[in-house]
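Okay, structure first, notes after.
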Amino acid sequence: MSIVVQKFGGSSVANIERLKNVARRVVQEKKAGNNVVVVVSALGDTTDELVQKARAITPHPSEREMDVLLSTGEQISIALLAMAVQALGYDAVSFTGHQAGIVTDTSHTKAKIVDIKTDRMSQELERGKIVIVAGFQGSTVDHDTTTLGRGGSDLTAIALAAKLKAEKCEIFTDVEGIYTTNPRLVKEARKLAVISYEEMLEMAASGAQVMQLRAVEYARNYVVPIHVRSSFSDVPGTMIKGEETMLEKPIISGISYDTSQAKVTMLGVPDKPGIAAKVFSAIAQASVNIDTIIQNVSESGMTDISFTVESDDLPAAQAVVDGLVPALGAKGSLYDPDIATVSLVGAGMKTHPGVAAEMFGVLSKHKINIEMISTSPIKISCVIKKGQAETAVKELHKHFKLDKG
Ligand code: ADP
Ligand code: ASP
Ligand code: MG
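Residue numbers (this note's numbering): 17 to 421.
Pasting the structure below:
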């Protein structure tokens, strides 16, 4: 019997009615003759609420205790879903990440999966049970609870699908698939039938929260095709799979945006070898991730260095930079939390020059100033003012006729 992995996100189980709906969908898959492994997220906004509770106690909670706290959200979901499946007359068993054999490293709040011991899961599947696994969590070899980073239930599902050699991996969410841009912002956004791992990686990295970045990376590395679809309807969603299997490569597949970044600038930094290495190793030591970096042409031996970080990391970055300015003999620093990144993503860009110029033209037509630019072979990102992000996304979507396909 083949194995199917189905993952249901927080909004799909936001209340008891929805949870019962998930139970019905799961049972339907079982009735179709498959072994079913279900991965489920915490109900609705539970994880955010737990984060707020911790922050109300201390601004810097211990990461180990944070994992103990956050993992409780998914533990509620698995128990309730198992009960809902049992109430429909089917046998189900719930597993925490630890019980499911998900072994991770010790990097609390962003742990990496190092192994999955599937014996227990396989035994229960053989007994005909529907196995329900808590997403987003695992445990270290010392049995400490860990979590896999926000949105990490996607990763749990994909890692299980890879390990169990599942026939299908379905990610059920509150939209019908992957769209040309966030359908909640642009109502003309069009659902894509298919998108490559590479494009989805760029979309996820540049703000499209519909799939967790690390989950897409894992899927690409282990070649797990993913079907992203709605938990509220039966219509087909979007397949995420290898580019080589795609017949057509659109120039632009989608537009993503990220309003959760901030810009840091170091002014008048001495322009000599080793400075950038010093700056960015100090930033890395503070566990701050950097996205776009720009260094100006230097005049009179001085240069400006700007880079973007997650807004949550701005205080940590600021502390490092404020220390570096006098140490390096720089002139000063600027911090701007009011920025957004808007990105065009498409595999066809590799072979179509001129897309960047067109993008800049659209932004300039709408009086949107570009503060930073970064590119990859299949992405162009511009840093602009946060207040102009919505206009930028809508106008770019219209200009490139993404609603038309
Ligand atoms: P879940 O709770 O199921 O994990 P998420 O909230 O993580 O769901 O992701 C789904 C949301 O992602 C959608 O409600 C949508 O607003 C947002 N989103 C952003 N960009 C896109 C896109 N390009 N296509 C589809 N959804 C998108
Ligand atoms: N509940 C976790 C979060 O909100 C994991 C997930 O939903 O994928 O980030
Ligand atoms: Mg999600």
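Backbone N, C-alpha and C define an ideal beta-carbon position, used for all residues, glycine too.
The alpha helix (DSSP H) spanning residue i covers which residue range?
i: T308; result: No alpha helix (DSSP H) holds T308; the beta strand (DSSP E) holding it covers 306-311.
i: G270; result: Note, G270: premise wrong, no alpha helix (DSSP H); beta strand (DSSP E) at 270-274.
i: G348; result: First-last for G348: 348-352, but that is the beta strand (DSSP E), not the alpha helix (DSSP H).
i: L4; result: In the structure as shown, the chain begins at 17 and stops at 421. Residue 4 is therefore absent and cannot be evaluated.
i: A332; result: 330-344
Hey, would you say the C-beta of residue i is under 8 Å away from at least one heavy atom of the ligand SAM?
i: V226; result: Looking for the ligand SAM in the displayed structure turns up nothing; the ligands present are the ligand ADP, the ligand ASP and the ligand MG.
Can you check whether the CB of residue j is closer than 9 Å to the CB of residue i?
i: I310; j: S322; result: yes
i: G113; j: A150; result: yes
i: V358; j: I268; result: no
i: I129; j: L96; result: no
i: Y213; j: R245; result: no
i: Q22; j: V43; result: no
i: G284; j: G339; result: no
i: G167; j: Q228; result: yes
i: G89; j: S247; result: no
i: E183; j: V20; result: yes
i: K179; j: I256; result: no
i: A100; j: V147; result: no
i: A302; j: A333; result: yes
i: L104; j: R40; result: yes
i: G154; j: I118; result: yes
i: T162; j: T197; result: no
i: G258; j: P286; result: no
i: A405; j: T324; result: no
i: T281; j: L350; result: yes
i: A306; j: I299; result: For the sequence presented, residue 306 should be read as Ile rather than Ala. A contact, by the Cβ cut-off of 9 Å.
i: G60; j: S27; result: yes
i: S222; j: S272; result: yes
i: A127; j: D83; result: yes
Taking only three categories from DSSP, how would you classify residue i?
i: P286; result: strand
i: H368; result: coil
i: T125; result: coil
i: D61; result: coil
i: T74; result: coil
i: M255; result: strand
i: M82; result: helix
i: K184; result: strand
i: F24; result: strand
i: G362; result: coil
i: F296; result: helix
i: S314; result: coil
i: E326; result: strand
i: I19; result: strand
i: K207; result: strand
i: K265; result: coil
i: V202; result: coil
i: I321; result: strand
i: K279; result: strand
i: I291; result: helix
Could you pull the start and end residues of the beta strand (DSSP E) that residue i belongs to?
i: R41; result: First-last for R41: 32-47, but that is the alpha helix (DSSP H), not the beta strand (DSSP E).
i: V244; result: 242-246
i: V52; result: 51-56
i: T161; result: 161-163
Problem set entry | Whole alpha helix (DSSP H) elements within the region 212-236, 4-residue minimum | 213-221
Problem set entry | Residues surrounding the ligand MG [beta-carbon distance to nearest heavy atom under 5 Å] | G25, G167
Exercise. Considering only residues of the region 370-412, which uninterrupted alpha helix (DSSP H) runs meet the minimum length of 4 residues and lie entirely inside it, listed in chain order?
Worked result: 371-381
For this session: Could you tell me which uninterrupted beta strand (DSSP E) segments, each at least 3 residues in length, are contained entirely in the region 88-152, listed from first to last along the chain?
Result: 108-111, 118-120, 129-132, 146-150
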